[in-house]
Amino acid sequence: MFAFQHPSNGGVVPDVLTLSKTLGNGLPLSAVVTSDAIAARARGEGFLFFTTHVNDPLPAAVGLKVLQIVQRDGLVQRSRRLGERLHAGLGRLQERYACIGDVRGRGLMAGVEIVSDRETKAPGMELADRLGKRMIELGVSANLATLASFGGAFRIAPPITISEEELDLGLGFMEEALRSTEGSMPTGR
Numbered sequence: 002m003f004a005f006q007h008p009s010n011g012g013v014v015p016d017v018l019t020l021s022k023t024l025g026n027g028l029p030l031s032a033v034v035t036s037d038a039i040a041a042r043a044r045g046e047g048f049l050f051f052t053t054h055v056n057d058p059l060p061a062a063v064g065l066k067v068l069q070i071v072q073r074d075g076l077v078q079r080s081r082r083l084g085e086r087l088h089a090g091l092g093r094l095q096e097r098y099a100c101i102g103d104v105r106g107r108g109l110m111a112g113v114e115i116v117s118d119r120e121t122k123a124p125g126m127e128l129a130d131r132l133g134k135r136m137i138e139l140g141v142s143a144n145l146a147t148l149a150s151f152g153g154a155f156r157i158a159p160p161i162t163i164s165e166e167e168l169d170l171g172l173g174f175m176e177e178a179l180r181s182t183e184g185s186m187p188t189g190r
């Protein structure tokens, strides 16, 4: 269910796991999860932290239900399958446009690095800005972000409920933005 459990992680298990945001499916909820041994040591050392809303039953029930639905509906496996589709599509775009320096990520979260030179990987900040604006003009608004602090990279993170058709449509919009934006450096492939 969690990224650290992915086989490519090499069996690394975190001592402490912090969860928030999607755990509550829109309801404010967060959690700090650790082993019994670490929790016992923290208590023994006098480390206690409480807030006014600790152990509220409503958010706890919502969080439990969210985790149950993720497991029941196989959403992790679905995210993995759709992520493979997303990354394959982004890889095809990288072959066609030299301004895509790198495609990285896992599952339905991807980073697409926009560069002005593929060899040096120099960030293509202005081009990334123009591409982002063009994609918004085309109708892409599903958690697509490009900010100066991202170094010219797009963060793509559609919801895990996205359909294959919607994913393909988004990739098509991205290709149209690349095709119609000056400076995208088509490779001719």
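In this note's numbering, the protein residues as written are 2 to 190. Ideal Cβ placement from N, Cα and C applies to all residues, glycine included. If you're wondering where the values come from, they're calculated on a predicted model, not measured in any experiment.
Of the residues A62, E46, T35, V14, which one's Cα is nearest the Cα of L228? Only positions 2 to 190 of the chain appear in this structure, which leaves residue 228 out of reach.
Can you grab the Cα-Cα spacing for the pair N56 / R156, in whole Å? Within the sequence shown, numbered from 1, the residue matching residue 56 stands at position 55. Within the sequence shown, numbered from 1, the residue matching residue 156 stands at position 155. Taking the straight line joining both Cα atoms gives about 34 Å.
For P124, which of helix, strand or coil comes out of DSSP? The count along the sequence shown starts at 1 and reaches residue 124 at position 123. In this structure, P124 counts as strand in the three-state DSSP scheme.
Presumed contact (8 Å Cβ cut-off) between L109 and P58, rounded CB distance: On the sequence shown, residue 109 is found 108 positions in, with the first residue counted as 1. On the sequence shown, residue 58 is found 57 positions in, with the first residue counted as 1. About 31 Å separates the two Cβ atoms, so there is no contact after all.
Just to confirm my understanding: we take L128, look at its own chain, exclude 5 residues before and 5 after, and list those with CB closer than 8 Å. What are they? Residue 128 sits at position 127 when you count from the first residue of the sequence shown. Hits under 8 Å: C100, I115, S117, G153, T182, G184, S185.
Determine the direct distance from the alpha carbon of I161 to that of R135, and round the result to whole angstroms. Counting from 1 along the sequence shown, the entry for residue 135 is found at position 134. Counting from 1 along the sequence shown, the entry for residue 161 is found at position 160. The alpha-carbon atoms of R135 and I161 are separated by roughly 24 Å.
Inter-stretch contact (C-beta, 8 Å, three-pair minimum) for the stretch 8 to 27 and the stretch 65 to 75: yes
Anyone know if the C-beta pair for T188 and E46 falls short of 8 Å? Residue mapping note: residue 188 aligns to position 187 of the sequence shown, counting from 1. Residue mapping note: residue 46 aligns to position 45 of the sequence shown, counting from 1. For T188 and E46, no; Cβs fall outside 8 Å.
For V71, the first and last residue of its enclosing alpha helix (DSSP H): Taking the first residue of the sequence shown as 1, we reach residue 71 at position 70. Counting along the chain, the alpha helix (DSSP H) containing V71 begins and ends at 58 to 73.
Please classify G173 as buried or exposed, where buried requires at least 16 neighbouring CB atoms within 10 angstroms. Working through the sequence shown from its first residue, we reach residue 173 at position 172. Counting Cβ neighbours within 10 Å, G173 comes out exposed, since fewer than 16 surround it.
Anticipated Cβ contact below 8 Å, L91 with V113, distance rounded: Mapped onto the sequence shown, residue 91 falls at position 90. Mapped onto the sequence shown, residue 113 falls at position 112. Confirmed, about 6 Å.
Measure the Cβ-Cβ separation of R107 and G75 and say whether it is below 8 Å. As a first step, residue 107 must be located in the sequence shown, where it is residue number 106. As a first step, residue 75 must be located in the sequence shown, where it is residue number 74. No, the pair does not count as a contact, with Cβ atoms beyond the cut-off.
Going by the CB atoms, is the gap between L49 and A32 shorter than 8 Å? The residue given as residue 32 occupies position 31 in the sequence shown. The residue given as residue 49 occupies position 48 in the sequence shown. Contact flag unset, no.
Can you tell me which of the three DSSP states G189 falls into? Counted from its first residue, the sequence shown places residue 189 at position 188. Three-state DSSP puts G189 in coil, outside helix and strand.
According to DSSP, D118 sits in a beta bridge with which residue or residues? Numbered from 1 along the sequence shown, position 117 holds the residue referred to as residue 118. Partner(s): A123.
Note down the Cα distance separating R82 from G11, rounded to an integer number of angstroms. The residue given as residue 82 occupies position 81 in the sequence shown. The residue given as residue 11 occupies position 10 in the sequence shown. Cα to Cα, the separation comes out at about 21 Å.
Cut-off 7 Å between Cβ atoms - residues of its own chain near G140, not counting five sequence neighbours on either side: Locating residue 140 in the sequence shown gives position 139, where the first residue counts as 1. These residues qualify, in order along the chain: F174.
By how many angstroms is the C-alpha of S36 removed from the C-alpha of E166? Start at 1 with the first residue of the sequence shown, and residue 166 comes out as number 165. Start at 1 with the first residue of the sequence shown, and residue 36 comes out as number 35. Distance between the alpha carbons of E166 and S36 is about 41 Å.
Coarse secondary structure for T23, derived from DSSP in three states: Position 22 of the sequence shown, counting from 1, holds the residue named residue 23. Three-state result, T23: helix.
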